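> Take this structure first; my questions come after.
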Amino acid sequence: MAHNINHSDEPIRLFKSNFLEFFTHISPVVVVLIWLPVSGYFLTRGIQSIQDGHAWWFVPVAFLLGLFLWTFTEYTMHRFVFHFKPRTKWQERLAFLFHGVHHHQPQMKTRLVMPPVVSIPLALIVYTIIWLIFDVLFGLSWWVAPAFSGLLLGYLLYDLTHYATHHFPMRSGYLKFLKRYHMQHHYKTPDQRYGVTVVWWDRVFNTYPAD
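Residue 198 is where the sequence shown ends in my numbering, and the numbering goes up by one at each step.
Right under this line is the structure:
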């Protein structure tokens, strides 16, 4: 996905309709206000399940498993959904709306986190997948809530980390590494370095550059 870089402070307009255009801009504060309470709600539901006779340890295990599942979701979505190779004009338009605009205008503050019009339907799909895996496949219905809570927290950390890599100094430690890693994704290897919060899936699937 190669695009000319535009560092203008004026956002690229994506829709003629002002109503539709409004939903393409989002502050990270809104993301926190939406998803942190939802994550807390599902974690609370998981804790309440202990009262039904289930051992307490399943809550932290399921929560951490949800966090881990998010890292895989983050990688696969970034690589295969956001960077899918369009073959038609309408696919090119869709690819630009989903992620191409971010590569074209990477410093635009209001387009660095996922708008709720996209994240809410995706969350419903992911919840259904978690329910099918834990409840339908393994019969562990009480694992669904804490696992989904962990996954949502992982998503929230992803969005905030992504915003930070573009607009915060991040001058030391792992955060400095993540900032440099993501900037190299934008300016050097747009078809590699898909991880934002972790890089181990890039190593597993050979999208971690040798240089």
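We put the beta carbon where it would ideally sit given N, CA and C, even for glycine. Quick caveat, the model's predicted, so the values are computed rather than measured.
Rounded to whole angstroms, how far is the Cβ of Thr22 from the Cβ of Leu139, which I believe are closer than 8 Å?
Checking the displayed sequence, the identity of residue 22 turns out to be Trp instead of Thr. Indeed, because the Cβ distance is near 6 Å, the residues count as touching under 8 Å.
> Tell me whether the region 10 to 29 and the region 142 to 151 touch, counting them as touching only if at least three CB pairs, one residue from each stretch, are closer than 8 Å.
With a cut-off of 8 Å, the region 142 to 151 and the region 10 to 29 count as touching, because enough Cβ pairs lie within range.
> Is the region -9 to 6 touching the region 83 to 102 in the sense that three or more CB pairs, one from each, lie closer than 8 Å?
The region 83 to 102 is in contact with the region -9 to 6.
> For the region 49 to 63 and the region 185 to 192, state whether three or more C-beta atom pairs, one from each stretch, are separated by less than 8 Å.
Yes: at least three Cβ pairs fall under 8 Å.
> Short of 8 Å in beta carbon distance, which residues of its chain neighbour Gly53, apart from the five on each side in sequence? Order them along the chain.
These residues qualify, in order along the chain: Ile117, Pro133, Ala134, Phe135, Ser136, Gly137, Leu138, Leu139, Leu140 and Gly141.
> In whole angstroms, give me the CA-to-CA distance for Phe200 and Leu127.
The first residue shown for the chain is -12 and the last is 198, placing residue 200 beyond what the model contains.
> In the structure shown, what three-state DSSP assignment does Trp43 receive?
Trp43 falls in the coil class under three-state DSSP.
> Give the range of the alpha helix (DSSP H) segment to which Phe9 is assigned.
Run containing Phe9: Asn5 to Phe9, per the alpha helix (DSSP H) assignment.
> Would you kindly report the start and end of the unbroken alpha helix (DSSP H) that includes Lys163?
Element bounds for Lys163: Gly160 to Tyr174.
> Which ranges would you report for the alpha helix (DSSP H) in the region 50 to 118 if only whole runs of at least 4 residues count?
As far as the region 50 to 118 is concerned, its whole alpha helix (DSSP H) runs of at least 4 residues are 76 to 82, 88 to 91 and 103 to 118.
> Are the CB atoms of Thr148 and Leu165 nearer to each other than 8 Å?
Going by C-beta atoms, Thr148 is nearer than 8 Å to Leu165.
> Counting only beta-carbon atoms, is Pro47 nearer than 8 Å to chain D?
In the displayed structure, chain D is absent; only one protein chain is listed.
> Between the Cα of Asp178 and those of Ile37, Asp(-4), Asp146 and Thr63, spot the shortest distance and give me the residue it belongs to.
Comparing Cα positions, the closest option is Thr63.
> Quick check: what's the CA-CA separation for Val17 versus Arg98?
Rounded to the nearest angstrom, the two C-alpha atoms are 12 Å apart.
> Going by DSSP in three states, Val16 sits in which element: helix, strand or coil?
Residue state, collapsed to three classes: helix.
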